[in-house]
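Start counting at 1 in the sequence shown, then tack on 5, and there's your number in this note's numbering. Shown next, in structure tokens, is the structure this report addresses.
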Amino acid sequence: MSTLTGRTPGFRTALAFEWTKFAGLRSTRWTMAATGLVTVAGAVFVGVSGSLQPDDTVLGGSLTLSIVSLMIAGVVGALTVCGEYAAATVTSTFTAVPRRGRVLLAKAVLLAVLLYGVAFVSCTVAYLLGGAILEDGAYARGEPLPALFGIAALFAVVGVLGLAIGTLLRASVGSVTTVVAVLLLPSLFGPLFGDARPWVAGASPTAALEKLTQTSDAGPEAVGSLGAWPSLALVAVYSALLLGLAAWRLRRRDV
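Here you go:
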């Protein structure tokens with residue numbers, strides 16, 4: 006299009022291109038759907054099985070599997086760009102929209118909006134289902150608002166984080182592995198760092214999620230003393246920085 010008209014497509018056009026590609030891929034559609042369904046399924050399982058801990062909240066228990074959904078959100082972000090490299094369609098993308106930073110920004114905005122919507126709806130439904138299934142008055146309800154808005158925002162941020170990782174690595178397997186590692190390893194290996202454990206584990210997206218969902222596992226000794234919203238802001242900051250690095254690398258590559 007840019008060759009025929011002599012003008013570089015604007016951001017809205019780039020966004021429309023990205024939506025067409027995203028909606029046309031079965032893998033991304035199903036992975037996006039799984040992001041929401043896993044959370045809801047987890048709420049039903051916890052409610053029916055009665056596996057919620059006595060000191061947990063309805064909000065935290067209902068969103069038990071939201072950590073799995075968060076990982077899927079990161080994978081969606083990585084596959085959004087890695088799929089184009091695997092199918093060798095990325096060259097066509099940059100031919101249609103030569104400004105590579107604009108392409109990456111359009112992908113990031115599209116992912117953030119879609120993941121925010123899916124996460125907010127699915128987490129809200131999960132909370133309502135959990136509250137309906139669990140014994141009334143047996144557990145503290147938690148504070149769903151404004152926490153649900155923050156949880157949805159975290160999903161959007163992690164999707165962008167996955168996009169940045171996928172742009173830097175370009176390979177699906179390596180990108181997916183890295184996304185999962187970023188989300189899980191700080192919590193798994195945090196105890197190895199002794200007194201620094203809260204700082205290591207507390208900087209991960211999963212720590213921010215545990216704080217926002219108000220689970221009984223979100224103690225300061227495990228996920229740090231930083232509050233839920235500052236933790237979300239921290240994840241957003243380093244995700245934005247990584248996206249900036251990815252944009253810089255993207256401009257310097259041949260493809």
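Here a beta-carbon is modelled for each residue, glycine too, at the ideal position from N, C-alpha and C.
Span of the alpha helix (DSSP H) around residue i
{"i": "Pro151", "result": "149 to 174"}
{"i": "Val80", "result": "71 to 92"}
{"i": "Thr62", "result": "No alpha helix (DSSP H) holds Thr62; DSSP gives it neither H nor E."}
{"i": "Ser97", "result": "95 to 101"}
{"i": "Leu193", "result": "177 to 194"}
Rounded separation between residue i and residue j - CA only
{"i": "Pro149", "j": "Val242", "result": "24 angstroms"}
{"i": "Leu109", "j": "Ala143", "result": "47 angstroms"}
{"i": "Val126", "j": "Gly41", "result": "8 angstroms"}
{"i": "Ser7", "j": "Arg256", "result": "With a pLDDT of 45 at Ser7, under the threshold of 50, the modelled position of that residue is not reliable, and no figure is offered here."}
{"i": "Gly29", "j": "Ala93", "result": "16 angstroms"}
{"i": "Thr218", "j": "Ala233", "result": "9 angstroms"}
{"i": "Trp204", "j": "Thr211", "result": "13 angstroms"}
{"i": "Leu20", "j": "Ser177", "result": "23 angstroms"}
{"i": "Ala251", "j": "Gly136", "result": "42 angstroms"}
{"i": "Thr100", "j": "Pro14", "result": "11 angstroms"}
{"i": "Thr220", "j": "Thr98", "result": "43 angstroms"}
{"i": "Val80", "j": "Val185", "result": "8 angstroms"}
{"i": "Phe264", "j": "Gly229", "result": "Lying outside 6 to 260, the shown extent of the chain, residue 264 is not represented and no answer is given."}
{"i": "Lys216", "j": "Ala223", "result": "6 angstroms"}
{"i": "Glu89", "j": "Val187", "result": "23 angstroms"}
{"i": "Leu231", "j": "Arg12", "result": "48 angstroms"}
{"i": "Val95", "j": "Arg105", "result": "10 angstroms"}
{"i": "Gly249", "j": "Asp259", "result": "18 angstroms"}
Coarse secondary structure for residue i, derived from DSSP in three states
{"i": "Ala1", "result": "This structure cannot speak to residue 1, because the chain is shown only from 6 to 260."}
{"i": "Ala213", "result": "helix"}
{"i": "Ala208", "result": "coil"}
{"i": "Ala143", "result": "coil"}
{"i": "Ala223", "result": "coil"}
{"i": "Thr36", "result": "helix"}
{"i": "Gly122", "result": "helix"}
{"i": "Pro14", "result": "coil"}
{"i": "Arg258", "result": "coil"}
{"i": "Gly55", "result": "coil"}
{"i": "Leu247", "result": "helix"}
{"i": "Arg107", "result": "helix"}
{"i": "Ser236", "result": "helix"}
{"i": "Thr25", "result": "helix"}
{"i": "Gly41", "result": "helix"}
{"i": "Leu20", "result": "helix"}
{"i": "Leu68", "result": "coil"}
Top-ranked residue by Cα proximity to residue i, from the options
{"i": "Glu140", "options": "Thr62, Ser32, Arg17, Gly224", "result": "Thr62"}
{"i": "Ile274", "options": "Ala39, Thr85, Gly41", "result": "Any question about residue 274 goes unanswered here, given that the chain covers just 6 to 260."}
{"i": "Ala54", "options": "Cys128, Leu20, Ile138", "result": "In the sequence as displayed, the identity of residue 54 is Ser instead of Ala. If we check each option's Cα against that of Ser54, Ile138 comes out closest."}
{"i": "Leu116", "options": "Ala186, Asp200, Thr33", "result": "Thr33"}
{"i": "Thr44", "options": "Pro210, Ala78, Glu23, Thr182", "result": "Ala78"}
{"i": "Ala38", "options": "Gly122, Trp24, Lys26", "result": "Gly122"}
{"i": "Val240", "options": "Leu166, Thr100, Thr183", "result": "Leu166"}
{"i": "Ala46", "options": "Ser71, Pro59, Val162, Gly106", "result": "Ser71"}
{"i": "Trp294", "options": "Arg104, Val114, Gly155", "result": "In the structure as shown, the chain begins at 6 and stops at 260. Residue 294 is therefore absent and cannot be evaluated."}
{"i": "Leu247", "options": "Asp60, Val49, Ala83", "result": "Ala83"}
{"i": "Val163", "options": "Thr183, Arg146, Arg258", "result": "Thr183"}
Residue i and residue j closer than 8 angstroms at C-beta
{"i": "Thr270", "j": "Val51", "result": "Because the chain here runs from 6 to 260, residue 270 falls outside it and cannot be looked at."}
{"i": "Leu57", "j": "Gly66", "result": "yes"}
{"i": "Pro191", "j": "Ala208", "result": "yes"}
{"i": "Phe160", "j": "Leu120", "result": "yes"}
{"i": "Cys128", "j": "Ala157", "result": "yes"}
{"i": "Leu168", "j": "Arg254", "result": "no"}
{"i": "Leu64", "j": "Ala152", "result": "yes"}
{"i": "Cys87", "j": "Arg31", "result": "no"}
{"i": "Ala111", "j": "Phe27", "result": "no"}
{"i": "Ala131", "j": "Ala245", "result": "no"}
{"i": "Phe154", "j": "Val102", "result": "no"}
Proximity test, Cβ basis, 8 angstroms: residue i and chain B
{"i": "Ala46", "result": "Protein chains in the displayed structure number just one, and chain B is not present."}
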